[in-house]
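Comments concern the structure below.
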Amino acid sequence: MKRAVKVNLPLVLIICCASGENYKTEGYVVTPNTMDLLKKHLEVTGGQVRSRFPPEPNGILHIGHAKAINFNFGFAKANGGICFLRYDDTNPEKEEEKYFTAIRDMVQWLGYEPYEVTHASDNFQRLYDLAVDLIRRGHAYVCHQRGEELKGHNVPPSPWRDRPVQESLVLFERMRKGLFAEGEATLRMKMVMEDGKMDPNITHSLCTKEFQARRSSYYWLCNALDVYCPVQWEYGRLNLTYTVVSKRKIIKLVETGVVRDWDDPRLFTLTALRRRGFPPQAINNFCARVGVTVAQSTMEPHLLEACVREVLNDSAPRAMAILEPLKVTIIDLPAGARRELRVADFPANEAKGSHTVPFSNTIFIEQSDFREVMEKGYKRLTPDQPVGLRYAGFVISVKNIIRDESGRVCALQVSCASSDSVEKPKAFIHWVSEPLRCEVRLYERLFVHKNPEDPAEVPAGFLSDVNPTWTSTRPVVPVQGRLISGLWVQGQQSDNSLTVIESALVDRSVAAARVFDKFQFERVGYFSVDPDSTAQKLVFNRTVTLKEDPGKI
């Protein structure tokens, strides 16, 4: 009997069969031994659903793996079963301990705990014995055809297909001892050309679409050996535009210095998304919304970012930060006078807590919140237009503009009045007083084109498609341009994949923040504490912008 189950979230429903009903699945090959094998299998598993997530430990997991993790672990959980983390260590020479560790960390970060961590090599002896058994049954033989000879359609039968069983057994033993060069000899199944891959002790093999062509050989191999045959279901991969996830390409990005490492926040590896500040719940929600289908899906990054905003809006406390400071002195407040203001962590739900911020006669505002020349539609501070200060209860008006030696605006002197005693201003802006100096890193798309790997879009290759980086070592003075991602740009949008602002300011409520703590910097975006932070200086990564276009007035 088939039943619908939930995978991870109610948004995703798939149809499955319970353990013990695998033979009812479409395409499943039933033999005279199927029911006996099923009975023995149920005696071992107790009818429990068992799945596995089988990564190759020679790279870092990416956003596509998040879908696989959610499907495999979520399916088992939804059916009261278990899921193994099974490392596919078929090439130990290319594997590094950091990859093993990072893979398990990411599985746990997404909220899943493997029932057991296993390795393909745990079953190598059993698989070898089964291979010998397959030869003895006359279902496999040692072949010397090269890979290129097997490409294409209607490949002729191997000239070694009918070699004697005993000869294949001797050659297979020589293969085990490493007496053949790589590719010189291969054990092939006699009934089909596709590769079959055994996976002992599981009930459901959930794999990506490219394995669909191998399903028949998988079933054939199990039945040829009279072993229990799990169900194989295939689902479409999850891809994102404006990125690459290939291990080879990411290594090239690291080696050429385009990105720092596998966890560079411009990548879509899971370690990179964690470092950037993406909550695991948001990634799981995104995978649930994408759903589990046979069709391959290529999604826009903004759909993932929308899931991130939904989670952070409810979980990231508010703070005030200034990316490009402009000093403001309030002349009718006594020097040295200060007060502590109580500010809600979540203005829409003050019961969730609050923090204090100092307020004195010296504050800092964003350079973009002041213009010398009034423009139509501009609602913030000008010499002729006052503006309110969020939470302070004051409205400020410009009295003097102070310039540096080059004539650029470097500070303002203003007067203030209680917001209850004057006409309501057109806008309220954020500010900081007695702030902490911090570094802020702003991220945009790493690549210019949607499909940087497509030669039709990027003829010179993906490395030629990288957006540049930019570092601000001093405050930026406003110009008559427009604000993009917190930066004033003359005439056109900034396309920097990374912008580093080394001298941003943030209110002291974040002083005790730890790595990966997340905040909404009001009117600026959502930010996360980077591991590069020190006791002397916090470093913040912009996770995503606010829903509103930061360039809007």
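Just so you know, the sequence shown maps onto residues -20 to -1, 1 to 533 in mature numbering (1 follows the signal peptide of the UniProt record, and there is no 0). Glycine included, each C-beta is placed from N, C-alpha and C at the ideal position.
DSSP state of residue i mapped onto helix, strand, coil
i: W200; result: helix
i: T98; result: strand
i: Y67; result: strand
i: C287; result: helix
i: P305; result: strand
i: V490; result: helix
i: I40; result: coil
i: E76; result: coil
i: F51; result: helix
i: M86; result: helix
i: S508; result: strand
i: Q192; result: helix
i: L17; result: helix
i: Q470; result: Annotation note: pLDDT 32 at Q470 (below 50); position unreliable, no value reported.
i: I409; result: strand
i: E528; result: Any answer about E528 is weak, because its pLDDT of 46 lies below 50 and its placement is not dependable; what the coordinates show is given next. Residue state, collapsed to three classes: coil.
i: residue 573; result: What is shown of the chain runs -20 to 533, which leaves residue 573 out entirely.
i: H282; result: helix
i: E346; result: strand
i: P338; result: strand
i: R143; result: coil
i: S483; result: strand
i: K517; result: coil
i: V112; result: helix
i: Q261; result: helix
i: E355; result: coil
i: Y8; result: coil
i: E23; result: helix
i: R454; result: Residue confidence for R454 is low, a pLDDT of 46 falling below 50, so the modelled location carries little weight and cannot support an answer.
Same chain, Cβ closer than 7 Å to residue i, five either side skipped, listed in chain order
i: A315; result: N341
i: D113; result: L205
i: P94; result: C63, F64, L65, V87
i: L(-10); result: Caution is warranted here: a pLDDT of 30 is assigned to L(-10), below 50, making its placement in the model unreliable, and the coordinate value is therefore given only provisionally. A268, R269, listed in sequence order.
i: R141; result: Y121, K170
i: T251; result: I40, A82, M86, W242, D243
When the options are compared against residue i, the one with the closest alpha-carbon
i: V97; options: E128, G127, I62; result: I62
i: D244; options: K4, L426, M169; result: L426
i: T336; options: P415, G368, R240, R106; result: P415
i: A268; options: L90, N2, F496; result: L90
i: A407; options: L443, G357, K78; result: G357
i: A331; options: N431, R322, Y79; result: R322
i: G44; options: P139, R298, L65, Y215; result: Y215
i: L17; options: N52, R32, E1, V225; result: E1
i: N13; options: I40, Y208, A58; result: Y208
i: Q192; options: T514, V211, C202; result: V211
i: A299; options: A397, F266, D487; result: D487
i: N203; options: V239, Y8, P511, T183; result: Y8
i: N181; options: W213, E23, S196; result: E23
i: A515; options: E502, R503, K498, V490; result: V490
i: S348; options: V504, D400, C287, L250; result: V504
i: E128; options: P136, V122, Y121; result: P136
i: residue 545; options: N59, P37, L107; result: Given that the chain is displayed from residue -20 to residue 533, the structure contains no residue 545 and the question cannot be resolved.
i: G271; options: G54, Y371, P260; result: G54
i: G60; options: E77, D69, E76, S31; result: S31
Whole-number beta carbon distance between residue j and residue i, since they are thought to touch under 8 Å
i: L422; j: T479; result: 4 Å
i: A301; j: L526; result: Between L526 and A301 the Cβ distance is about 13 Å, and since that is not below 8 Å, they are no contact.
i: P281; j: L220; result: 6 Å
i: R522; j: V446; result: Not really, about 19 Å apart at Cβ, beyond 8 Å.
i: I311; j: R360; result: So it is not a contact: roughly 20 Å between Cβ atoms.
i: S508; j: R256; result: 7 Å
Residue environment, residue i, which counts as buried when at least 16 other CB atoms sit within 10 Å
i: I263; result: buried
i: R319; result: exposed
i: F104; result: exposed
i: W411; result: buried
i: T236; result: exposed
i: E190; result: exposed
i: T278; result: exposed
i: P34; result: buried
i: W328; result: First, the residue type needs correcting, since residue 328 is Ala and not Trp in the sequence shown. Exposed, because fewer than 16 other Cβ atoms sit within 10 Å of the Cβ of A328.
i: D510; result: buried
i: V273; result: Reading off the sequence shown, one finds Thr at residue 273, where the question assumed Val. T273 is exposed by the Cβ-count criterion.
i: H133; result: exposed
Sequence-distant residues of the same chain with beta carbon closer than 6 Å to residue i, five excluded per side
i: T223; result: F248
i: Y506; result: L292, A296, Q500, T523, V524
i: S138; result: C123, Q125
Neighbourhood of residue i by C-beta distance below 8 Å, restricted to the same chain and skipping five residues each side
i: R383; result: V389, C390
i: V375; result: P366, V367, G368, L369, C396, A397, S398, S399, V402, P405
i: E352; result: T362, P363, I381, V389
Below-8 Å beta-carbon distance, residue i vs any chain D residue
i: K498; result: Of the protein chains in the structure, only one exists, and it is not chain D.
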